[in-house]
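2 protein chains.
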Amino acid sequence: MSISTASPAAVSVFGAERVRDAAHVRGLIRQGHWTSHTSGLAHDHVQGNVVILPEVQANDFLRYCQRNAKACPVLAVSEPGQAALPTLGADIDICTDLPRYRVWQHGELVDEPTDISPLWRDDLVTFVIGCSFSFEQALMDAGIGLRHVQQGRNVAMYRSHIQTVAAGPFAGPMVVSMRPLKAADAIRAVQITSRFPGVHGAPVHMGDPAQIGIADLAHPDYGDAVEVLPDELPVFWACGVTPQAAIAQARLPFCITHAPGAMLITDLLNQQLASF
Amino acid sequence: MSISTASPAAVSVFGAERVRDAAHVRGLIRQGHWTSHTSGLAHDHVQGNVVILPEVQANDFLRYCQRNAKACPVLAVSEPGQAALPTLGADIDICTDLPRYRVWQHGELVDEPTDISPLWRDDLVTFVIGCSFSFEQALMDAGIGLRHVQQGRNVAMYRSHIQTVAAGPFAGPMVVSMRPLKAADAIRAVQITSRFPGVHGAPVHMGDPAQIGIADLAHPDYGDAVEVLPDELPVFWACGVTPQAAIAQARLPFCITHAPGAMLITDLLNQQLASF
Chain B
231 MSISTASPAA
241 VSVFGAERVR
251 DAAHVRGLIR
261 QGHWTSHTSG
271 LAHDHVQGNV
281 VILPEVQAND
291 FLRYCQRNAK
301 ACPVLAVSEP
311 GQAALPTLGA
321 DIDICTDLPR
331 YRVWQHGELV
341 DEPTDISPLW
351 RDDLVTFVIG
361 CSFSFEQALM
371 DAGIGLRHVQ
381 QGRNVAMYRS
391 HIQTVAAGPF
401 AGPMVVSMRP
411 LKAADAIRAV
421 QITSRFPGVH
431 GAPVHMGDPA
441 QIGIADLAHP
451 DYGDAVEVLP
461 DELPVFWACG
471 VTPQAAIAQA
481 RLPFCITHAP
491 GAMLITDLLN
501 QQLASF
Chain U
231 MSISTASPAA
241 VSVFGAERVR
251 DAAHVRGLIR
261 QGHWTSHTSG
271 LAHDHVQGNV
281 VILPEVQAND
291 FLRYCQRNAK
301 ACPVLAVSEP
311 GQAALPTLGA
321 DIDICTDLPR
331 YRVWQHGELV
341 DEPTDISPLW
351 RDDLVTFVIG
361 CSFSFEQALM
371 DAGIGLRHVQ
381 QGRNVAMYRS
391 HIQTVAAGPF
401 AGPMVVSMRP
411 LKAADAIRAV
421 QITSRFPGVH
431 GAPVHMGDPA
441 QIGIADLAHP
451 DYGDAVEVLP
461 DELPVFWACG
471 VTPQAAIAQA
481 RLPFCITHAP
491 GAMLITDLLN
501 QQLASF
């Protein structure tokens, strides 16, 4: 199943005037009217990466997130067995409110359903982890162009050689996203993203990719390559794919994540995450 | 006359326990006991670049500073003919309180006295302009090493091809200071110096020097060259030498500045300039 760019079709499905209403969009996703990327939907609102684990692994995973908060900023953790996430939206039902899920068994992808109600269990705990969509919106609002957005591509992501701090079975490299920026925009981007510690915060690196173990920017490990022009610096942020890589490496008997790009749309506004 | 690094000798002149007291240090300078660099003296306190001009040029110069605030952040402007700067220190007498001055006629350096009382006129206006010592202290307090400080050198400064916005006779290139930093420190330095808009604020450039018209980092236009290691980025800040370059270019019939590195020590604390 392919996941294509959402925005133009989304407007026709949702109506341009309602595409900014998080609860409305979430309701349509719940009813199965949208099974693709959430990029551009309800774009003033915080979207989140989702990880659903049995309670027996949840404590280790929460410790992993705490120890690697820049890559794994936790926006909410559910009660075991509860599909609600009341701090993120009064009506959220995590079994139905993502456009598409990924079901994993022993580290292997086994299914990509649009509803996980049949798989729900009393011991499952949901983690919602901040995502770079929030700070990308702040960058664009400040007039900083993002090439992958302009070109309708997914952001380029790489496994760095920066190691995360392990907790229980969870470990592995920090995955970073890269955005090419001119120096003045890179400086401004440090300022802007520093205001958003809950969605990865300031960059972790800029300049020479080899210093963080990236051999070739033209071959990202996830997402799509974008060109870096001669007058640009590659700027690297900790990425929410990091916990997914740690989960894959842990080869858990069972877990569920969102499908790439098909995020949970919350009622929080991106600006509510700004720290000053 | 050579101006050498102040700190070790300063301690023996002033006594280690009093070297942090701005008014005490200023009093000793006033009495002629110190005629050199102020680097490291009263280091919790704001130090300032000084420009003293006839009132007939002062309005143009103030407009020049306003239009180029990143390079020329004005901390105080005196009343014409008044040697006092009460917002910077109750007892300041600008005629005596710098270790050494430079007297300029038609753009030429004609004298470097330690007291300008004989030259004082009723039409002279004093400008005190923020200096990078303030943010350097904040960087070092955050554990970021500065190579020129470690090596006891003056910071490396370059005429960039970034043009300032002219006002009256004042114009010319932005002079930038350069500090080599590893990427993580460069990112942290953007965060820290952004808090100090009154002393040049965030960097204006990082990475490729050629993009701002600097052909060779090994040959600074002012100050001392420092090595940039392979894993470092050169990081560039707007520099308080910019207004001096504009004044030299204007070839004013008469003006006075501080001698390089021999700054006005004020009663303000560096932390009072932090914007958040």
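In the order they appear, the protein sequences are chains B and U.
Sequential numbering from 231 applies to the first sequence in this note's numbering.
Sequential numbering from 231 applies to the second sequence in this note's numbering.
Note that CB positions come from ideal geometry on N, CA and C, so glycine has one too.
The C-beta of I374 (chain B) comes no closer than 9 Å to any C-beta of chain U. In the DSSP assignment, T487 (chain B) forms a beta bridge with B:V281 and B:R332.
Within the region 300–379 of chain B, the runs of alpha helix (DSSP H) that reach at least 4 residues and sit entirely inside it are, in chain order, 363–371. For D415 (chain U), the three-state secondary structure derived from DSSP is helix. Between the beta-carbon of I486 (chain B) and that of R256 (chain B) there is about 18 Å, and that puts the pair past the 8 Å contact cut. Counting every other CB atom within 10 Å of its CB across the protein chains shown gives A476 (chain U) a total of 16 or more, marking it as buried. Here G262 (chain B) is exposed. Its C-beta has fewer than 16 other C-beta atoms within 10 Å. The DSSP-derived three-state label of S390 (chain U) is strand.
Among the residues of chain B, those whose CB is under 8 Å from the CB of D461 (chain U) are D438 and Q441, following chain order.
I417 (chain B) belongs to the set of residues whose beta carbon lies under 9 Å from a beta carbon in chain U.
For the pair Q421 (chain U) and M404 (chain U), the CB atoms are not nearer than the 9 Å cut-off. Taking the beta carbon of S390 (chain U) as reference, no residue of chain B falls within 8 Å; the closest one sits roughly 12 Å away. Every beta strand (DSSP E) stretch that sits fully inside the region 438–469 of chain U and reaches 3 residues is listed by chain position as 462–468. Closer than 9 Å to the CB of A455 (chain U) there is not a single CB belonging to chain B. Using a CB distance cut-off of 9 Å, S362 (chain B) does not count as an interface residue toward chain U. Under DSSP, M408 (chain B) takes part in a beta bridge, and its partners are B:A386 and B:F466. Residue contact check for F484 (chain U) against chain B: no CB pair falls below 9 Å. Boundaries of the alpha helix (DSSP H) harbouring T472 (chain B): V471 to A480, taken from the DSSP string. Per DSSP, the unbroken beta strand (DSSP E) holding L494 (chain U) starts and ends at L494 to L499. The beta-carbon separation of N384 (chain U) and G278 (chain U), rounded to 17 Å, does not stay under the 8 Å limit for a contact. Contacts with chain B at 9 Å (Cβ-Cβ) include P433 (chain U). In the DSSP assignment, F400 (chain U) forms a beta bridge with U:A397.
In the displayed model, H263 (chain U) falls within coil according to three-state DSSP, outside both helix and strand. For the 9 Å CB-CB criterion, H378 (chain B) and R409 (chain B) form a contact. Contact with chain B is absent for Q501 (chain U), since none of that chain's Cβ atoms lies less than 9 Å from the residue's Cβ. Sequence-distant Cβ neighbours of D290 (chain U) in its own chain, meaning closer than 7 Å and more than five residues away, are A397, G398, P399 and F400. Of the other Cβ atoms in all chains shown, 16 or more fall within 10 Å of the Cβ of E366 (chain B); this residue is therefore buried. Listed as beta-bridge partners of H275 (chain B) by DSSP are B:L499. Contact with chain U is found for Q421 (chain B), since one of that chain's Cβ atoms lies less than 9 Å from the residue's Cβ.
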